[in-house]
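Enquirer: FYI, the numbering for the sequence shown is -19 to -1, 1 to 111, going by mature numbering (1 follows the signal peptide of the UniProt record, and there is no 0). For every residue, glycine included, the Cβ atom is placed at its ideal position computed from N, Cα and C. Since we're looking at a predicted model, the values are computed, not measured.
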Amino acid sequence: MPIKFFLTALLLCCRPALAADQTALTDPFSPSSAANADSSLSPLQTMANQCGDSAEWLMDNLPLQQLKPIGLIHYPQYAVVLWLTPTEVIIDSRLNHVIAEEQWQIVNIENRQIRLQNCQNPAQQKTIHL
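Written as structure tokens, this is what we have:
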């Protein structure tokens, strides 16, 4: 009982400080807090092939056939694609991320589909419908 009272009192004491700090109340999943985020990008904007060192590489040990797209979240400035791995781990990706061991880059995210471009052969593209 005393611990619960102490935690409640601590929360009430710190609440004004948390409210004054705007970063404490922002969306923790927002890329605006990430160092490599670009808030000027639209989620429907098509990007040029950037499969170099600056691209973020995800799930590079899994073939694309084993990754199942399970969701798409649209925010005002970007979109997030949710993938399910064979071990039932959910991984999020965004525009320009490179996924799978075959190195597919996400070049376009639309309302119900994702367009991928192969990093080794940019002429090779795939569309995944959600």
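Out of E91, Q106, C100 and P50, point me to the one whose CA is closest to V70's CA.
Expert: Looking at the Cα atoms, P50 is the closest of the given residues.
Enquirer: Would R75 be called buried (16 or more neighbouring beta carbons within 10 Å of its own) or exposed?
Expert: Per the 10 Å Cβ criterion, buried.
Enquirer: By DSSP, does P76 sit in helix, in strand, or in coil?
Expert: According to the sequence provided, residue 76 is Leu. The question's Pro does not apply to it. L76 falls in the coil class under three-state DSSP.
Enquirer: Mind checking I54: buried by the 16 CB within 10 Å criterion, or exposed?
Expert: I54 should be labelled exposed.
Enquirer: Give every residue of the same chain whose Cβ lies closer than 7 Å to the Cβ of Q101, excluding the five residues on either side of it in the sequence, and list them in chain order.
Expert: Closer than 7 Å at Cβ, skipping near neighbours: Q84.
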